[in-house]
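Okay, structure first, notes after.
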Amino acid sequence: MSAPIGILGGTFDPVHLGHLRICVELRERLGLDHVRLVPNRVPPHRDAPRASDQVRARWIADAIADEPGLVLDTLELEREGPSYTADTLASLRARFPDRPLVCVLGQDAFDGLVTWHRWEDIGSLAHVVVVPRPGTPRSPVESLPGLTRTDRVEDLHDRLQGCLLAADVTPLAVSSTQVRRLLVQGRSVRYLVPDPVWRALRAR
Ligand code: ATP
């Protein structure tokens, strides 16, 4: 089977180095073909993003321009209605019928998974990999309906979907909320966000 494709969904308001390190480290550690960054248009569980769809997508595009293993995927921006992860994974499954898909979630996002729209379908569409999130207690990552806990990275390659794995990445305690707060206070966000994003924010 071909190498799995990683998917990191989020609001990316703005994209920061925490997001990008997760993608780069998991790509190497899990042997992913590439990781798709998927900005959402209408996040179902939170306020609307401050920055427009186009601006958030542009920040991601600029941040990953010279990183071939990372890809911007605007499919949620092109879809009407709430940006449900199950719908996104169904679209990607239709597009990549023979590729394992790996949906990456921070611990904070994973903790809310069982409240998501059609969450029980996720294991029939993709694997789920959970990474620690500084500031969120590390709770046990245990099997759920449709998602079987494993510690074997090979399982992500041997099966198309349905595995649940906890992975370690370098802990980076940065959040988009923190970046927005610093900007409101007129303080620097340099080295929390990629340089092209820092330059764009400074110009705004
Ligand atoms: P906000 O502060 O606006 O809520 P955020 O920093 O949490 O934004 P999102 O775009 O909402 O960023 O996050 C997308 C995904 O990335 C989620 O699964 C989230 O858990 C994960 N994530 C974001 N930042 C980190 C980080 N520093 N460490 C680990 N996971 C992270």
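Read in order, the letters of the sequence shown correspond to residues 17 to 220 in the working numbering.
No residue lacks a Cβ here, since even glycine has one placed at the ideal position from N, Cα and C.
Predicted, not measured: the structure shown is a model, and the values here were computed from it.
From which residue to which residue does the alpha helix (DSSP H) around residue i run?
i	result
ALA219	211-219
ALA125	123-127
ALA106	101-111
LEU198	192-200
LEU48	Run containing LEU48: none; DSSP gives neither H nor E here.
VAL71	69-79
VAL205	Counting along the chain, VAL205 falls outside any alpha helix (DSSP H), and DSSP gives it neither H nor E.
With which residues is residue i paired in a DSSP beta bridge?
i	result
HIS143	VAL118
HIS35	Looking at the DSSP assignment, HIS35 forms no beta bridge with any residue, so it has no partner.
ALA182	VAL146
Quick check: does the Cβ of residue i come within less than 8 angstroms of any heavy atom belonging to the ligand ATP?
i	result
ASP14	The question about residue 14 has no answer here: the residues shown for the chain are numbered 17 through 220.
ALA189	yes
PRO148	yes
LEU181	no
GLN201	no
GLY34	yes
PHE28	yes
SER192	yes
Taking the continuous beta strand (DSSP E) assigned at residue i, which residues delimit it?
i	result
ILE23	21-26
Our contact map puts residue i next to residue j with C-beta atoms below 8 angstroms; I'd like the distance itself, whole angstroms only.
i	j	result
THR104	GLU96	Their Cβ separation, rounded to whole angstroms, is 13 angstroms, which puts THR104 and GLU96 out of contact at 8 angstroms.
GLY162	SER140	6 angstroms
ASP124	THR152	4 angstroms
HIS50	ILE21	6 angstroms
PRO60	SER107	In fact, because the Cβ distance is near 16 angstroms, the residues do not count as touching under 8 angstroms.
LEU53	ILE76	5 angstroms
Touch test, the region 29-40 against the region 191-200, Cβ-Cβ under 8 angstroms, three pairs minimum: yes
Touch test, the region 134-149 against the region 75-88, Cβ-Cβ under 8 angstroms, three pairs minimum: no
Touch test, the region 114-129 against the region 176-188, Cβ-Cβ under 8 angstroms, three pairs minimum: yes
The region 209-216 in contact with the region 41-50 per 3-pair CB rule at 8 angstroms: no
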